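> Attaching a single structure in structure tokens format; questions to follow.
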Amino acid sequence: GVIGSSEWVEQFKDELEAKTIAYINLDGAVSGKNFGASSSPSLKTILAEATKEVDYPYTDESVYEHWAKGKDEPKIGNLGGGSDHIAFYMHAGIPSLSGGAGGPTLYHTNYDDFFFYENFVDPEFQMGPTVEAVMGTLSLRIANASLLPYDLVKYATDLSMHFENAEEQVKTYYNEFEGFKDSQSAIEDLNATAKLVEDTFKNHLENKALTKAKSTKINQMLLTLEKSFLYSEGMPYGDWYKSLYASSDPFSGYASWILPAIQYQIEAKNKEELSKWDTNYARAISDLNSKLEAILKTI
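This is the structure we're talking about:
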């Protein structure tokens, strides 16, 4: 039940919500040679960019190129359950990512020991420094940025994809369903505003037009963005889970549920609550949009 980290987040929740930029989770950071990661939308781009700067051992590729496996870009997963990011991301609304290098693991067995690692996982001990370099690069870039390098447009693009997926699932048992219209409309507004904010940020940073005081104020506003998805009543299957964006699958505890309040209705093949949750999600997305509009006015 990840009790330790959950209790810790609960104890320091007010301070964490006020100050924390991102939570980086490395649970069994190296158990093989295959780099992978899952992330909240706002951290996906800076994570990918960091992997371009680190060489992947045993090859002439960067971590990014090896991770992408010949495709244009690597697949960054949606952050699910099973580890210590749960309380940060799903209870306190802090952007989070979880990554590392996996492989032929004997995780949580009596054979998961140094002998196994040295002989079968990474005999040359190259993957530890590689993961360390990726996460170090990522951390330094976040820490030293004038403006927090969140990908704001990714919220809208990912949300649009997730709602399309949810609508397809609903229609497998409810053919007359007309879609999550309020949420989709709110996503369109969010996409336009996010693009405008990112363009404005880029212009101001290139021209060094932001004072330190203004950057500090904007960063404080950026810290509040993820909190738009916190729903005070919690999810219908457990009120500890506050994020409308992501949750652990309550049935397994490990899988990722995106748009969890809606996914819960889908799993139960419920028709009656869909409109209610469309309204709740649209309200959260509109709140995020309003925060971005406020940032524009501040600049």
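Quick note on this note's numbering: the sequence shown kicks off at 24 and runs consecutively.
Don't be surprised by glycine CBs; every beta carbon is placed ideally from N, CA and C.
Note that the coordinates shown come from a computational prediction; the quantities given were computed from them, not determined experimentally.
Report all residues from its chain with a CB closer than 8 Å to the CB of A232; omit the five preceding and five following residues, and keep chain order.
If we look at A232 and ignore the five residues flanking it on each side, its Cβ neighbours are N226.
> Across which residues does DSSP place N48 in a beta bridge pair?
Answer by DSSP bridge pairing, in chain order: S121.
> Would you check if the segment 38-57 and the segment 107-120 touch, i.e. whether three or more CB-CB distances between them fall below 8 Å?
Flag = yes, the segment 107-120 and the segment 38-57 touch.
> Under 8 Å by Cβ, that's how I've got Y178 and L213 pegged, so tell me the actual separation to the nearest angstrom.
So it is a contact: roughly 6 Å between Cβ atoms.
> Quick check: the Cα distance between Y196 and K292, rounded to an integer number of angstroms?
Distance between the alpha carbons of Y196 and K292: 7 Å.
> What are the uninterrupted segments assigned as alpha helix (DSSP H) that are 4 or more residues long and contained completely in the segment 172-260, given in chain order?
Within the segment 172-260, the complete alpha helix (DSSP H) runs of at least 4 residues are 176-193, 204-229, 235-245.
> Using 8 Å as the threshold, is the segment 297-313 in touch with the segment 241-258, meaning 3 or more CB pairs across them?
Yes: the two stretches touch, three or more of their Cβ pairs being nearer than 8 Å.
> Taking 8 Å as the cut-off, decide whether the C-beta atoms of G276 and G105 are in contact.
Closer than 8 Å, so yes.
> Report the rounded CA-to-CA distance for A166 versus W300, giving the unit in angstroms.
Each residue's alpha carbon lies about 36 Å from the other.
> Apply the 10 Å Cβ neighbour rule to E336 and answer buried if 16 or more other Cβ atoms are within range, or exposed otherwise.
Given a span of 24 to 322 for the chain in the structure shown, any question on residue 336 remains unanswerable.
> Just grab the DSSP bridge partners of I281 for me.
Answer is A269.
> Is the beta carbon of G125 less than 8 Å from the beta carbon of N57?
Contact: yes.
> Closest to T323 by CA distance: which of L175, E256, A209 is it?
Since the first residue of the chain shown is 24 and the last is 322, residue 323 is not available in this structure.
> From the DSSP output, read off the bridge partner residues of A60.
According to DSSP, which records beta bridges pairwise, A60 is partnered with G122.
> How should A71 be labelled, buried or exposed, when 16 other C-beta atoms within 10 angstroms of its C-beta is the threshold for buried?
Classification of A71: buried, given that the 10 Å Cβ count is 16 or more.
> Are the segment 262-273 and the segment 91-105 touching by the rule of at least three beta carbon pairs closer than 8 Å?
Contact holds: three or more Cβ-Cβ distances are below 8 Å.
> State buried or exposed for P172, treating a residue as buried only when at least 16 other CB atoms are found within 10 Å of its CB.
Buried, because 16 or more other Cβ atoms sit within 10 Å of the Cβ of P172.
> Can I281 and H185 be called in contact, C-beta distance under 8 Å?
Going by C-beta atoms, I281 is nearer than 8 Å to H185.
> Between K314 and T247, which are expected to be in contact by the criterion C-beta below 8 Å, what is the C-beta distance as a whole number of angstroms?
Sure, about 6 Å apart at Cβ, within 8 Å.
> Nearest-angstrom Cα distance between E88 and K98?
Rounded to the nearest angstrom, the two C-alpha atoms are 11 Å apart.
> Hey, quick one: how far does the alpha helix (DSSP H) through D301 stretch, first residue to last?
Run containing D301: 297-321, per the alpha helix (DSSP H) assignment.
> With 16 other CB atoms within 10 Å as the buried threshold, where does F35 fall?
By the neighbour-count rule (16 or more Cβ atoms within 10 Å), F35 is not buried but exposed.
> Tell me whether N101 sits in a helix, a strand or coil according to DSSP, three-state version.
N101: strand per DSSP, three-state reduction.
> From the DSSP output, which residues share a beta bridge with V53?
DSSP output for V53 lists A124 as bridge partner(s).
> S28: which of Y112, S63, K294, D145 sits nearest, CA to CA?
That would be Y112, whose Cα lies nearest to the Cα of S28.
> Give the range of the alpha helix (DSSP H) segment to which E147 is assigned.
Looking at the DSSP string, E147 is not in any alpha helix (DSSP H), and its letter there is neither H nor E.
> Does the beta-carbon distance from A60 to S121 come in below 8 Å?
A contact, by the Cβ cut-off of 8 Å.
> Could you please give the first and the last residue of the uninterrupted alpha helix (DSSP H) stretch that includes V86?
Taken as a continuous stretch (DSSP letters only), the alpha helix (DSSP H) holding V86 covers 86-91.
> Note down the Cα distance separating D37 from S54, rounded to an integer number of angstroms.
Cα-Cα distance, rounded: 34 Å.
> In the structure shown, what three-state DSSP assignment does D107 receive?
In the structure shown, D107 sits in coil (DSSP, three-state: anything other than H, G, I, E or B).
> If you reduce the DSSP assignment to three classes, tell me which class D135 lands in.
Three-state result, D135: coil.
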